[in-house]
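> Just so you know, the working numbering puts 347 at position 347 of the sequence shown, and the rest follows in order with no gaps. First the structure, which I've put down as structure tokens, then a few questions once you've had a look.
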Amino acid sequence: MPVQTVELEPVEPQSLKKLSLKSLKRTLDLFSPVHGLLAPSDPESKKIRTSHKINLEYGGIKSSSQSARHANSSAASSGNQQSGSFNVLALTGPEDSRDPQKGGSQNALVVGPSVQTKGPNNIGLQGKGTMVVSTSGSSERNYSTTALIERMPSKWPRPVWHPPWKCYRVISGHLGWVRSVAFDPSNTWFCTGSADRTIKIWDVAKGTLKLTLTGHIEQIRGLAVSKKHTYMFSAGDDKQVKCWDLEQNKVIRSYHGHLSGVYCLGLHPTIDILLTGGRDSVCRVWDIRTKMQIFALSGHENTVCSVFTRPTDPQVVTGSHDSTIKFWDLRYGKTMLTLTHHKKSVRAMASHPTENCFASASAENIKKFNLPQGEFLHNMLSQQKTIINAMAVNEDGVLATGGDNGSLWFWDWKSGHNFQQDQTIVQPGSLESEAGIYALSYDVTGSRLITCEADKTIKMWKEDETATPETHPLNFKPPKDIRRF
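Put into structure tokens, the structure is as follows:
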């Protein structure tokens with residue numbers, strides 16, 4: 001008998017990856033030795049499929065129960081406990097399910113290869129490997145699909161609409177980087193300290209220079225004006241902390257004790273004490289009158305670069321290059337609490353003028369904390385992705401942050417939404433790399449913002465009066481997966 005030869009289709013050489021991604025029938029492509037022929041059909045599986053289909057379409061529950069009874073009776077008569085190669089359908093249910101005319105058989109269908117055992121009432125009991133399909137038609141269905149789950153509205157607070165801010169004045173007068181700024185409580189003038197070793201006093205309304213003070217021999221990094229006295233305090237890289245009498249326009253006290261440059265300065269709102277933090281990793285507490293050092297708050301492992309004070313505990317809060325924030329007990333000069341949420345240097349902090357909370361900024365994130373316990377509230381919803389040197393917040397809930405790359409971002413305090421991103425423009429003759437913001441402050445009313453920059457200028461900002469929610473709509477999407485830390 002001649003052997004029939006099958007001409008095989010030529011198979012092009014293909015990579016395993018291409019074969020596995022080519023079609024849904026990749027198992028045949030991968031493992032079949034004969035690609036030209038289709039796989040032979042399996043008569044047993046076809047028989048199971050057709051019998052299942054016939055029973056469901058025509059027989060229903062009644063024919064299923066009859067076939068199950070027939071299978072049970074034939075199995076009992078033959079003396080064999082197994083019902084052949086496939087037991088088509090078996091019924092489980094209450095005792096009334098023996099009689100199909102009583103209607104008690106509408107309980108469950110058992111589909112699949114099973115072992116039928118003879119019960120006390122000659123009813124087939126379901127065995128191992130069966131599938132139970134409910135046919136009761138009741139509404140007790142367990143829907144697990146997310147399409148049917150009611151979507152909960154976001155509980156994130158919607159930001160308040162704020163008008164955008166615009167630069168309306170550029171003041172040029174310093175000969176070096178402008179490193180610090182402070183406002184007079186009367187809101188008529190402000191002072192700036194610079195890397196040219198001078199302190200200049202400017203008129204708020206006109207932007208004109210009123211006075212220049214000299215006395216430091218290095219750049220001036222910290223300034224503060226007292227609300228109770230006619231004093232102004234300055235601190236700089238020359239390790240000196242000075243008290244200026246603004247009636248005589250001269251230094252009347254110096255506070256000696258820092259071992260390195262002084263980076264930040266703060267005045268207590270109710271007690272006559274001064275706080276300074278510096279590169280010697282210590283925040284020092286000074287008595288203004290006697291020039292005595294009350295405490296040396298030591299505990300940070302790196303430069304103390306930001307400090308603010310409160311009338312109630314914690315009265316002193318410091319941020320450091322060691323990426324921690326410390327609350328201090330001013331009675332004993334000891335640490336009350338250390339916050340370790342930041343990963344990088346905490347160069348700037350801002351306390352809200354009316355709420356008991358504050359924000360802190362580092363290169364990776366801006367975080368909000370509650371006071372006095374220091375509970376972490378949330379991150380701001382965007383990342384400025386630069387070193388943030390300064391931040392300030394006003395009573396309207398507008399938080400401003402200034403970056404090393406000249407970016408000035410405005411945030412809604414309540415929700416953490418970033419509603420404006422601005423970029424400062426360097427003055428003519430400066431390098432593009434000199435677009436950096438080193439200090440910023442709101443005036444007493446919170447309606448004007450002053451930024452001190454690396455191009456030796458002072459820029460004044462105010463809200464755009466012509467802006468409306470229609471011209472500048474709020475583009476806000478609630479966060480889905482906000483990073484908690």
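Even for Gly, the Cβ is constructed at its ideal location relative to N, Cα and C.
1. Take the Cβ of Y263 as the centre, count every other Cβ of all protein chains shown within 10 Å, and call the residue buried at 16 or more, exposed below.
2. Can we say the region 315 to 323 touches the region 335 to 355, given the rule of at least three CB pairs closer than 8 angstroms?
3. Apart from the five residues just before and just after H472, which ones in its own chain have a Cβ nearer than 6 angstroms to its Cβ?
4. Taking only the alpha-carbon atoms, compute the straight-line gap between P185 and K228 and give it to the nearest angstrom.
5. Are the CB atoms of V170 and C191 nearer to each other than 8 angstroms?
6. In or out: R221 buried (at least 16 other Cβ within 10 Å) or exposed?
7. Could you tell me the distance, in whole angstroms, from the CA atom of G257 to the CA atom of D196?
8. Just mark N418 as buried or exposed, buried being the case when its beta carbon has 16 or more other beta carbons within 10 Å.
9. Among residues of its own chain, excluding the 5 on either side of R279, which ones have a beta-carbon nearer than 6 angstroms to its beta-carbon?
10. DSSP puts K459 in a beta bridge; with which residues?
11. Is it buried or exposed, S172, if we count other Cβ atoms within 10 angstroms and call 16 or more buried?
12. For D455 and D404, what's the separation of their Cα atoms in angstroms?
13. Can you list, in chain order, the residues of its chain with a C-beta nearer than 7 angstroms to that of V426? Leave out the 5 residues immediately preceding and following it.
14. In the DSSP assignment, find the beta strand (DSSP E) that holds H514 and state where it starts and stops.
15. Between the Cα of R179 and the Cα atoms of R310, I458, K462, which residue gives the shortest distance?
16. Identify whether K200 lies in helix, strand or coil by the three-state DSSP scheme.
17. Looking at the structure shown, is I388 part of a helix, part of a strand, or coil, going by DSSP?
18. How far does the beta strand (DSSP E) with N394 in it extend, from its first residue to its last?
19. Could you tell me the alpha carbon to alpha carbon distance between Q240 and T468, rounded to whole angstroms?
20. Work out the CA separation of Q315 and L267 for me, nearest whole Å.
21. Exposed or buried, what is R331 when buried is set at 16 or more other beta-carbons lying within 10 Å of its beta-carbon?
22. Could you name the residues of the same chain whose beta carbon sits closer than 8 angstroms to that of Y168, not counting the 5 residues immediately before and after it, in chain order?
23. Check this for me: beta carbons of V444 and F233, under 8 angstroms apart or not?
24. Rounded to the nearest angstrom, how far is the Cβ of A361 from that of M391, given a contact under 8 angstroms?
25. Relative to the C-alpha of T214, which candidate in L371, D203, S194, D272 has its C-alpha closest?
26. Which term fits E44, buried or exposed, when burial requires 16 or more other beta carbons within 10 angstroms of its beta carbon?
27. What did DSSP end up calling K47 once you bin it into helix, strand or coil?
28. If you drop the 5 nearest sequence neighbours on each side, which residues of the same chain put their C-beta closer than 7 angstroms to that of V160?
29. Going by DSSP, what residue range makes up the beta strand (DSSP E) through S298?
30. For K242, which residues in the same chain have their Cβ closer than 8 angstroms to its Cβ, ignoring the five residues on either side in sequence?
31. Check S186 in the structure and name its three-state DSSP category.
32. Going by the beta-carbon positions, is the gap between L339 and F308 smaller than 8 angstroms?
33. Just checking my contact of C452 with V181 at CB under 8 angstroms: how many whole Å lie between their CB atoms?
34. How many angstroms separate the CA atom of E470 from the CA atom of L275?
35. Quick check: what's the CA-CA separation for T290 versus S441?
Taking the definition as stated:
1. The residue labelled residue 263 in the question sits at position 263 within the sequence shown. Counting the other CB atoms within 10 Å of its CB gives Y263 a total of 16 or more, which places it among the buried residues.
2. These segments touch.
3. Walking along the sequence shown from the start, residue 472 turns up at place 472. Excluding positions up to five away in sequence, the list reads P164.
4. Taking the first residue of the sequence shown as position 1, residue 185 is located at position 185. Taking the first residue of the sequence shown as position 1, residue 228 is located at position 228. As the crow flies, the alpha-carbon of P185 is around 9 angstroms from that of K228.
5. In the sequence shown, the residue the question calls residue 170 occupies position 170. In the sequence shown, the residue the question calls residue 191 occupies position 191. A distance of 8 angstroms or more separates the beta carbons of V170 and C191.
6. As a position in the sequence shown, residue 221 is number 221, starting the count at 1. R221 is buried by the Cβ-count criterion.
7. As a position in the sequence shown, residue 257 is number 257, starting the count at 1. As a position in the sequence shown, residue 196 is number 196, starting the count at 1. When the Cα atoms are used, G257 and D196 turn out to be separated by approximately 24 angstroms.
8. In the sequence shown, residue 418 corresponds to position 418, counting from 1. With 16 or more other Cβ atoms within 10 Å, it is buried.
9. Position 279 of the sequence shown holds residue 279. The beta carbon of R279 sits closer than 6 angstroms to the beta carbons of S260, G261, T303 from its chain, once the five residues preceding and following it are set aside; these are given in chain order.
10. Numbered from its first residue, the sequence shown carries residue 459 at position 459. V170, T451, per the DSSP bridge assignment.
11. Position 172 of the sequence shown, counted from the first residue, corresponds to residue 172. Using a 10 angstroms sphere on the CB of S172, the tally of other CB atoms stays under 16, which defines it as exposed.
12. For the purposes of this step, residue 455 is taken as residue 455 along the sequence shown, with counting starting at 1. For the purposes of this step, residue 404 is taken as residue 404 along the sequence shown, with counting starting at 1. Straight-line Cα distance between these residues: approximately 12 angstroms.
13. Here residue 426 corresponds to residue number 426 of the sequence shown, with the count starting at 1. Within the same chain, Cβ atoms closer than 7 angstroms to the Cβ of V426 are found at E432, E434, A435, D455, the five residues on either side in sequence being excluded.
14. Any answer about residue 514 is impossible in this case: the structure gives the chain only from 1 up to 485.
15. Your numbering for residue 179 matches position 179 in the sequence shown. Among R310, I458, K462, the Cα nearest to that of R179 is on I458.
16. The residue labelled residue 200 in the question sits at position 200 within the sequence shown. Under the three-state reduction of DSSP, K200 is assigned to strand.
17. Reading the sequence shown from its first residue, position 388 is the one you call residue 388. In the structure shown, I388 sits in a strand (DSSP, three-state: E or B).
18. Residue 394 sits at position 394 when you count from the first residue of the sequence shown. Element bounds for N394: n/a, residue is neither H nor E.
19. The residue you call residue 240 lines up with position 240 of the sequence shown. The residue you call residue 468 lines up with position 468 of the sequence shown. If you take the alpha carbons of Q240 and T468, they lie about 48 angstroms apart.
20. For this step, residue 267 is matched to residue 267 along the sequence shown. For this step, residue 315 is matched to residue 315 along the sequence shown. Between L267 and Q315, the C-alpha separation is close to 11 angstroms.
21. Indexing the sequence shown from 1 puts residue 331 at position 331. Taking a 10 Å sphere around the C-beta of R331, we find fewer than 16 other C-beta atoms and assign the residue as exposed.
22. Sequence index remark: in the sequence shown, residue 168 carries index 168 (1-based). Cβ neighbours of Y168 beyond the five flanking positions: M460, W461, K462.
23. Counting from one through the sequence shown, the residue named residue 444 turns up at place 444. Counting from one through the sequence shown, the residue named residue 233 turns up at place 233. No.
24. Taking the sequence shown and counting its residues from 1, the one referred to as residue 361 is at position 361. Taking the sequence shown and counting its residues from 1, the one referred to as residue 391 is at position 391. Right, the Cβ-Cβ distance comes to about 5 angstroms (below 8 angstroms), so this counts as a contact.
25. To locate residue 214, count along the sequence shown from 1; it is residue 214. Nearest option by C-alpha distance: S194.
26. One-based indexing of the sequence shown puts residue 44 at position 44. Classification of E44: exposed, given that the 10 Å Cβ count is below 16.
27. As a working mapping, residue 47 is identified with position 47 in the sequence shown. Residue state, collapsed to three classes: helix.
28. Within the sequence shown, the letter at position 160 stands for residue 160. Excluding sequence neighbours, V160 sits near G397, D412, K414.
29. By one-based count along the sequence shown, residue 298 stands at place 298. 293 to 298 is the extent of the beta strand (DSSP E) around S298.
30. Counting from 1 along the sequence shown, the entry for residue 242 is found at position 242. Cβ within range, chain order: G215, H216, F233, S234, A235, V251, R253, S254, Y255.
31. In the sequence shown, the residue the question calls residue 186 occupies position 186. Here S186 sits in coil by DSSP.
32. Counting from one through the sequence shown, the residue named residue 339 turns up at place 339. Counting from one through the sequence shown, the residue named residue 308 turns up at place 308. No.
33. Residue 452 sits at position 452 when you count from the first residue of the sequence shown. Residue 181 sits at position 181 when you count from the first residue of the sequence shown. Distance from C452 to V181 at the Cβ level is roughly 5 angstroms; contact confirmed, criterion being Cβ atoms closer than 8 angstroms.
34. Locating residue 470 in the sequence shown gives position 470, where the first residue counts as 1. Locating residue 275 in the sequence shown gives position 275, where the first residue counts as 1. Distance between the alpha carbons of E470 and L275: 46 angstroms.
35. For this step, residue 290 is matched to residue 290 along the sequence shown. For this step, residue 441 is matched to residue 441 along the sequence shown. Cα to Cα, the separation comes out at about 30 angstroms.
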